[in-house]
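This report refers to the structure that appears directly beneath it.
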Amino acid sequence: MKKIIFVLFALFTTISFAQERIGFLSRTSFGIYGGLSFRSVNKGWGAFLFEGKTHLSEKYLIKLSFGYSELQSYQKYNVKSYTSIYNENVESVDAISYNIDRIDYKIIPLSIGLQYNINFSSFHPYIFAELGYNFIDPLSTKSEFKVLNTYQKYSDLPLVHRYIHRLATNSSKIAIGFGVNYPLSSVFGLDIRFLTQIDTEILNSQQLLVGLTF
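Residue numbering for the sequence shown follows my numbering, starting at 22 and increasing by one per position.
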């Protein structure tokens, strides 16, 4: 996925350069967005996005974006794992159990996408699809920590305890959405969009964003 993002970023840069040099097809534009990431209508978290777009034709655009968003997962589950302990230079292993009550995700997304515009004189509806890669900083809230037993060595542990629980620190995603852009002047526009994101590692979510394009 990283290679795909890099190739598409290089393509976006090449197209933008070609526009400056030879007036390729149309123009490049940018947008700054803010809004909410959410999984239900009664709970949302902040989201920010910066986006660059270049026209492939009158109706088709290729776009690249990066941003910041937050999500929380309340899907509680139990973890069985182990910890190594040292007592007077003698190592032993504890079989442990605890609950994950909540996970807070801080996400930096990088996405590439294709947008299709429907152009009217006073506003411009559109639909789009994106591929993306997320850099994730997770933080879990734990409870009911228990030491179930102590063993002399790792190989004595029950199989169910022989792993370290790790939270996702990166993921891939696809997103689809729709929006509308209202021109405010010859330079600026008001952009409103809604999208659904399907993620490979963390929560699937939706975003509602409002932005200024220029």
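Glycine is no exception: its CB is placed at the ideal position from the N, C-alpha and C atoms. Quantities reported herein were computed from a predicted structural model and do not represent experimental measurements.
Mark residue i as exposed unless 16 or more other C-beta atoms lie within 10 angstroms of its C-beta, in which case mark it buried.
i	result
residue 54	buried
residue 132	buried
residue 150	exposed
residue 179	exposed
residue 174	exposed
residue 207	exposed
residue 216	buried
residue 99	exposed
residue 138	buried
residue 219	exposed
residue 67	exposed
residue 245	Residue 245 lies beyond the range of the chain shown here (22 to 235); nothing can be said about it.
residue 130	buried
residue 160	exposed
Tell me the DSSP secondary structure of residue i in three-state form.
i	result
residue 114	strand
residue 77	coil
residue 186	coil
residue 193	strand
residue 228	strand
residue 219	strand
residue 101	strand
residue 203	strand
residue 57	strand
residue 43	At residue 43 the pLDDT is 39, less than 50, meaning the model places this residue with poor confidence and gives no usable figure here.
residue 65	strand
On the premise that residue j lies in contact with residue i, defined as a C-beta separation below 8 Å, what is that separation, rounded to the nearest angstrom?
i	j	result
residue 70	residue 230	6 Å
residue 101	residue 181	5 Å
residue 122	residue 163	7 Å
residue 152	residue 118	38 Å between Cβ atoms; not a contact.
residue 194	residue 134	11 Å between Cβ atoms; not a contact.
residue 60	residue 226	5 Å
residue 79	residue 51	No, residue 79 and residue 51 are not in contact; Cβ-Cβ is about 19 Å, not under 8 Å.
Residues bridged to residue i by DSSP?
i	result
residue 234	52 and 210
residue 85	73 and 133
residue 93	125
Query - Residue ranges of each beta strand (DSSP E) within the region 104-189, 3 or longer - result: 111-138 and 145-172
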